[in-house]
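What the sequence shown shows, in my numbering, is residues 15 to 913, in sequence order. Here's the structure, in structure tokens; my notes come after.
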Amino acid sequence: MEVVSAAHGAFGPLLEKLTTLLIDEYARLKGVRREIRSLRSELSSMHAALKEYTKLEDPNDQVKTWISLVRELAYDIEDALDKFLHQLGNGNGRHHGGFKKFFRKTICHLKTLGSRRGIADQIDGLKDRIKQVKELKDSYTLDGAPSSTIRHGVVDPRLHAIFAEEAHLVGMEGQFHCHAFVSVSQKPNIKKIIKDVISQVPWPDGSAKDTMDWDEKKSIAKLREMLQDKRYLIIIDDVWSRQAWNTIKCAFPENNCSSRIIATTRIVDVAKSCCLNTDDRMYEMEALSDLHSRRLFLKRIFGSGNCCPEVLNKVSDEILKKCGGLPLAIISISSLLANRPAMKDEWEKVKRSIGCALENNQSLDGMSSILSLSYKDLPPNLKTCLLYLSVFPEDYIIERDRLVRRWMAEGFISEEHGQSQQEVAENYFYELVNKSMVQPVDIGYDGKVRACQVHDMMLEIIISKSIEENFITVIRGGQTSLKNHHGFIRRLSVQHIDQDLLSALANEDLSHVRSLTVTSSVCMKHFPSIAEFESLRVLDFEDCQDLQEYDMNNIDKLFQLKYLSFRGTCITKPPSRIVMLHNLETLDLRMTSMQRDLPDGIVLLTKLQYLLTEAQHKVPIGITNMRSLRVTPNFHITKSSLDAVEELGNLTRLNELSLYLSDGYRYKRHEEVLLSALCKLSSCKLRSLYVSRGWGSLNFIDSWSPPSSLQIFHMSSNMHLANIPKWISPGLTSLVNLDINVTELREEGLNTLGLLPSLLDLALCLRSGGRKKLTIIGFPCLKRFNLFSWDGAYVTLTKGSMRNLEEFLLSFDVSVAKAYGFYLGIEHLPSLKLIQVVLRNKGATYSESKAASAAIRKEAGAHPNHPEVCILEEPDEDEDEDDNEKTDNDEEKSSEEGN
Numbered sequence: 015m016e017v018v019s020a021a022h023g024a025f026g027p028l029l030e031k032l033t034t035l036l037i038d039e040y041a042r043l044k045g046v047r048r049e050i051r052s053l054r055s056e057l058s059s060m061h062a063a064l065k066e067y068t069k070l071e072d073p074n075d076q077v078k079t080w081i082s083l084v085r086e087l088a089y090d091i092e093d094a095l096d097k098f099l100h101q102l103g104n105g106n107g108r109h110h111g112g113f114k115k116f117f118r119k120t121i122c123h124l125k126t127l128g129s130r131r132g133i134a135d136q137i138d139g140l141k142d143r144i145k146q147v148k149e150l151k152d153s154y155t156l157d158g159a160p161s162s163t164i165r166h167g168v169v170d171p172r173l174h175a176i177f178a179e180e181a182h183l184v185g186m187e188g189q190f191h192c193h194a195f196v197s198v199s200q201k202p203n204i205k206k207i208i209k210d211v212i213s214q215v216p217w218p219d220g221s222a223k224d225t226m227d228w229d230e231k232k233s234i235a236k237l238r239e240m241l242q243d244k245r246y247l248i249i250i251d252d253v254w255s256r257q258a259w260n261t262i263k264c265a266f267p268e269n270n271c272s273s274r275i276i277a278t279t280r281i282v283d284v285a286k287s288c289c290l291n292t293d294d295r296m297y298e299m300e301a302l303s304d305l306h307s308r309r310l311f312l313k314r315i316f317g318s319g320n321c322c323p324e325v326l327n328k329v330s331d332e333i334l335k336k337c338g339g340l341p342l343a344i345i346s347i348s349s350l351l352a353n354r355p356a357m358k359d360e361w362e363k364v365k366r367s368i369g370c371a372l373e374n375n376q377s378l379d380g381m382s383s384i385l386s387l388s389y390k391d392l393p394p395n396l397k398t399c400l401l402y403l404s405v406f407p408e409d410y411i412i413e414r415d416r417l418v419r420r421w422m423a424e425g426f427i428s429e430e431h432g433q434s435q436q437e438v439a440e441n442y443f444y445e446l447v448n449k450s451m452v453q454p455v456d457i458g459y460d461g462k463v464r465a466c467q468v469h470d471m472m473l474e475i476i477i478s479k480s481i482e483e484n485f486i487t488v489i490r491g492g493q494t495s496l497k498n499h500h501g502f503i504r505r506l507s508v509q510h511i512d513q514d515l516l517s518a519l520a521n522e523d524l525s526h527v528r529s530l531t532v533t534s535s536v537c538m539k540h541f542p543s544i545a546e547f548e549s550l551r552v553l554d555f556e557d558c559q560d561l562q563e564y565d566m567n568n569i570d571k572l573f574q575l576k577y578l579s580f581r582g583t584c585i586t587k588p589p590s591r592i593v594m595l596h597n598l599e600t601l602d603l604r605m606t607s608m609q610r611d612l613p614d615g616i617v618l619l620t621k622l623q624y625l626l627t628e629a630q631h632k633v634p635i636g637i638t639n640m641r642s643l644r645v646t647p648n649f650h651i652t653k654s655s656l657d658a659v660e661e662l663g664n665l666t667r668l669n670e671l672s673l674y675l676s677d678g679y680r681y682k683r684h685e686e687v688l689l690s691a692l693c694k695l696s697s698c699k700l701r702s703l704y705v706s707r708g709w710g711s712l713n714f715i716d717s718w719s720p721p722s723s724l725q726i727f728h729m730s731s732n733m734h735l736a737n738i739p740k741w742i743s744p745g746l747t748s749l750v751n752l753d754i755n756v757t758e759l760r761e762e763g764l765n766t767l768g769l770l771p772s773l774l775d776l777a778l779c780l781r782s783g784g785r786k787k788l789t790i791i792g793f794p795c796l797k798r799f800n801l802f803s804w805d806g807a808y809v810t811l812t813k814g815s816m817r818n819l820e821e822f823l824l825s826f827d828v829s830v831a832k833a834y835g836f837y838l839g840i841e842h843l844p845s846l847k848l849i850q851v852v853l854r855n856k857g858a859t860y861s862e863s864k865a866a867s868a869a870i871r872k873e874a875g876a877h878p879n880h881p882e883v884c885i886l887e888e889p890d891e892d893e894d895e896d897d898n899e900k901t902d903n904d905e906e907k908s909s910e911e912g913n
């Protein structure tokens, strides 16, 4: 499969489609086969020339003009071809047998004089444009075009360690009660900023509240209340105006607790406005010293700040001199060098290409030059994926899964080396993070980055390059016209739009727009009709709040649409005609006010891969037709027909399956049919299974044989298995996340879990702790262990077990543990960062509970990592008696002090 790219436009898929058209049936159509072959030949020649031109280091204006013309030509030809093929198929868009079967069915239409004349007219018009572009090309030469190809980098295995350390650079957690970091941006949303701070500050009662309905005033008042008696450290990043600062600072009380607020800005006047008190200081950031610059540079390349081959010492000093102590420049260049041989000649080439921008001017322009150099070193596929990020606004958190699915829908991704499109796209995402082209936002327990942001400076660069290549047209604040694009709009991102820009947009030809992204609330009532965007592959309305005003009755006209998102919008039901979008691959209905039932006819979407909702839905009858499904909604099994449940076993491409079952023995037949369906999926690539139930047993699943590809298994906390099921064994080599509930945990069950070779996150919920000691053995990769028991449990660690554990969370049976001195054995956890204990005091006295807490804190205090410790206490039915004991002791102590 050929891909669309920023540099080459639609040439790849266009030539692939023309090749497909040259099938035997066309030999019967006089002249048509010859014309298509001629068209393909001319375009292939142009594509080859385009590849060479786009390799030029610094093409002149004439070459740039030709590149633009030929790229636009390819887009237009593909658009015309797609529309023609759609009309030829009478608009149903359903070609299950591929192009060959399709043309066999429609060959009779092509034999008519009218059809041949229509084809001939279109070909003649395209041939005239091709001839003009070809003549223009003949006046240029390709002297200086490089013959070397761009190498693909390898994902750095040190990625997680590097970014995990960055997360701890503040290093002040022990000195302050709480701390928070928020970014402001040019157009700040004050309410969102304050809520971001609130989300990072611990709540007094330990449980977060729903702040969705809070306005700006209430959010500020609540934050002041939360911080009133705390010593806090707050970092407000990237303040652009005095007005923004004057509003934000109202949320932070002056409480005489030696709290600190650090505000960063690029504007001196704004910095001065932040320093009105005599104790305030304005600090102008200086470049890194030579020593710290070198440490940062070498650590990114070699993993150590003191490791550099002697032969590279001189050239590394010269490169660092050009970086001028700018951290972003240093990280960018070192990331580039990390993927090249550590040879003097290679490093000299990089040094020469940097130029003298930073030697004479350590401004943002110099940094821009450095970032542009890193961009130029990317292979074409990564350049395309990076430029695509310009559809998102400044400071926007971009979820990995959303981005990956959009890349696939745009046609940027093809299968590689036996990897699926999704796997290839995810690798591209990780490569962009690895090369420091984007900033990781959320790193999971498995070390994988789940979301990213684009640095402001990098965003300006990629927007500029996207405009230059007419790859994406961005409408955002401060813009007065749409004249910054040439040719038709290909991809449109609406981040801010006023009435003037709406009028300008209404005058544009929108029939060639391939993706539409609306990321802010705009007056959708006056937005151009959906029918005008007839070439859309991606339609993303995520978080657009005025969507209920928009008429989408003609959404079925978008016959090429592959990605459709209503996530976070206020619509109450999806447009009825979405079931006619036969090429749709992703439908996102999360965080909406949708009705519980899926749209009627949903099973007609045979190419749908990701059906994303949060509500529970009945399994639709005929779901066996949706064999492309990879991710399902939460299916309510016991409300579904048995035939529909049985059909789930035919979805052989499933990666993620979510199920809900009602309580009661009357659903035994549903359980049997569901088990049969799950067993059918054992030979497939199911990765995640989520099962929830109102209450009761899940023992029917004990005889399941899971696929070896299973990575995640989750049960809801209000259902249980009798014990660790037989299907959990060391043979599940891919299982990394297990959330399971059992009636009672036995030693042999715990030992079985300890043998799982890849397990990273384990959550165990016990209905009964057994009132005995359990010894932990194994768990070679585990990073997070969460043991919850209704009546307490007591586990101890052995040397060599859980060596990678970072978070240790458990219920602690005080009465059982006292016989062993309340010993846990956390000294055997060399990677420990957090220990959280809930003391279960059933059968224990108040003094025993206090002794347990003291023993745990002492054990943690002796740990070289000094892990964070959180101990919670749950009173038992003897609480009153213990309180009386405490009161008697206090009175006795007071009496002694009085004497």
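Cβ atoms here follow ideal geometry from the backbone N, Cα and C, with glycine treated the same way. Keep in mind it's a predicted model, so treat the numbers as computed, not measured.
Given that a residue counts as buried once 16 or more other Cβ atoms are within 10 Å of its Cβ, and exposed if not, what is residue 687? buried
Compute the beta-carbon to beta-carbon distance between residue 501 and residue 521, rounded to the nearest angstrom, for a pair I have assumed lies under 8 Å. Rounded, the Cβ-Cβ distance is 15 Å, inconsistent with contact.
Exposed or buried, what is residue 751 when buried is set at 16 or more other beta-carbons lying within 10 Å of its beta-carbon? buried
N-terminal and C-terminal residue of the alpha helix (DSSP H) that residue 830 is part of: 828–831
Tell me the rounded alpha-carbon separation between residue 561 and residue 233. 26 Å
With the cut-off set at 8 Å, would you say residue 551 and residue 423 are in Cβ contact? yes
Would you tell me roughly how many angstroms separate the C-alpha atoms of residue 699 and residue 849, rounded to the nearest one? 35 Å
How many angstroms separate the CA atom of residue 207 from the CA atom of residue 465? 19 Å
Go ahead and pull the three-state DSSP assignment for residue 652. helix
Rounded to whole angstroms, what's the CA-CA distance from residue 598 to residue 574? Just pull it up for me. 8 Å
Alpha-carbon to alpha-carbon, residue 663 and residue 487: 44 Å
Roughly how many angstroms lie between the CA atoms of residue 47 and residue 199, to the nearest whole one? 56 Å
Residues bridged to residue 789 (per DSSP): 810
Inspect the CB distances between the segment 760–780 and the segment 713–723 and report whether three or more fall short of 8 Å. no
Segments assigned alpha helix (DSSP H), at least 4 residues, entirely inside the segment 452–519: 470–482
Separation of residue 707 from residue 826, as counted between CA atoms: 27 Å
Three or more C-beta pairs closer than 8 Å, one from the segment 503–513 and one from the segment 427–437: is that the case here? no
My parser needs the alpha helix (DSSP H) runs of 4 or more residues fully inside the segment 643–705; what are they? 656–661 and 682–694
On the CB-based measure, 16 or more other CB atoms within 10 Å of its CB, does residue 62 come out buried or exposed? exposed
Label residue 951 either buried or exposed according to how many other C-beta atoms from any shown protein chain fall within 10 Å of its C-beta, with 16 as the threshold for buried. Any answer about residue 951 is impossible in this case: the structure gives the chain only from 15 up to 913.
Burial state of residue 834, where buried means 16 or more other Cβ atoms lie within 10 Å: exposed
I need the DSSP call for residue 854, collapsed to helix, strand or coil. strand
Neighbourhood of residue 19 by C-beta distance below 6 Å, restricted to the same chain and skipping five residues each side: 394 and 398
Checking 8 Å against the spacing of the C-beta atoms, do residue 409 and residue 467 come in under that value? yes
Just tell me which of 805, 830, 242 and 681 has its CA closest to the CA of residue 191. 242
Residue 888: first and last residue of the uninterrupted beta strand (DSSP E) it sits in: 882–888
Rounding to the nearest angstrom, what Cα-Cα distance links residue 658 and residue 640 in this structure? 12 Å
May I have the straight-line CA-CA distance separating residue 339 from residue 314, to the nearest angstrom? 15 Å
With 16 other Cβ atoms within 10 Å as the buried cut-off, status of residue 613: buried
3 or more residues per run - each beta strand (DSSP E) lying fully within the segment 222–282: 246–253 and 274–279
When the Cα of residue 226 is compared with those of 582, 455 and 24, which residue comes out closest? 582
Keeping to the same chain, check which residues put their C-beta closer than 7 Å to that of residue 374; ignore five residues upstream and five downstream. Because residue 374 carries a pLDDT of 40, less than 50, the predicted location of this residue cannot be relied on, and no value is offered for it.
Would you kindly work out how many angstroms separate the C-alpha atoms of residue 294 and residue 278, rounded to a whole number? 13 Å
Would you mind working out which of 271, 563 and 202 sits nearest residue 261, comparing C-alpha positions? 202
Residue of 76, 654 and 787 minimising C-alpha distance to residue 631: 654
According to DSSP, simplified to helix, strand and coil, what is residue 875? helix
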